[in-house]
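Residue numbers for the sequence shown follow the working numbering, beginning at 3 and rising by one. From the three backbone atoms N, C-alpha and C, an ideal C-beta is built for every residue, glycine too. Remember, it's a predicted structure, so these values are computed and weren't measured experimentally. The structure appears below as structure tokens.
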Amino acid sequence: MPHIATTDELEIIGSGGGPKPPAGSGGDDGRGRSGGRPELPQRIYVTGITIAMGGILMFFMALVSAFIVRKGLGSDWHSFPIPRVLWLNTAILLASSATLIRARQLFKRGDHAGFRHWWAVTTILGLFFVVGQLIAWRQMVAAGFYLAANASNSFFYVLTAAHGVHLLGGITALLFVGWGRLRRVTLATGTEIVGYYWHFMDGLWIFLFLLLLLGR
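Here's what the structure looks like:
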């Protein structure tokens, strides 16, 4: 009868019955926490860093093009010395890529203590590189090669400073992924994204160093 069906429905509602929400809909961020916000596909972050690296590459190619064009404009281009510390800086940056690869290998094996160790070594090597660049600038100034003295000097400072600023962004990312609190990205994706960026900055520096070495 209709009144019986209505009574049964009221009893079901009062007892908390009805369809149950799907399990695991709270949103896990990859570290065992439920953030309560919908997760974005991890490939979006990889796509994002790829686009960012493309923009950075275009920026540096514009600087390199200006370097080549300005050098060929006249006879006022003066050669500048390459500070010896830049050779050490290059070796440090190459070593940091190797330690980053080691850190990611240990992470994939589940050795989180080893991962933290080599991730920290990578971060420290990155800081050493930045300090080495500052030392190179001081050596240039001490030798009388000032920023505004000549166009060739200006390009040296601009290129190395631009790379240093972008590398500081990578160091910040290393610190955040290694010891920060990730909310919308898993630790595995975080290490992957930072790895792409760090190796990109390493390769970019090799190119810039060869440009300064051979094109000065």
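- Distance from G134 to I94 at the Cβ level is roughly 7 Å; contact confirmed, criterion being Cβ atoms closer than 8 Å.
- Taking 8 Å as the upper bound for CB-CB distance, L169 and M142 are not in contact here, some 19 Å apart.
- Annotation for L102: T124, G197, W200 place their beta carbon closer than 7 Å to its own, counting only its chain and skipping 5 residues before and after.
- Contact annotation: R72 and A153 have beta-carbon atoms nearer than 8 Å.
- Between I84 and L214, the beta carbon gap of about 6 Å places them in contact (Cβ cut-off 8 Å).
- DSSP places F130 in the helix class (H, G or I) of the three-state scheme.
- Around I58, the same chain offers H168, F202, L206 as residues with beta carbons nearer than 8 Å, after the five sequence neighbours per side are excluded.
- Around the beta carbon of W121, 16 or more other beta carbons sit within 10 angstroms, so the residue counts as buried.
- Note that the C-beta distance between G182 and V132 is not below 8 Å.
- The residues S98, L169, G172, I173, L176, in chain order, have a CB closer than 7 Å to that of G128 in the same chain once the five nearest residues on each side in sequence are set aside.
- Per the coordinates, the alpha-carbon of K110 lies some 41 Å from the alpha-carbon of F157.
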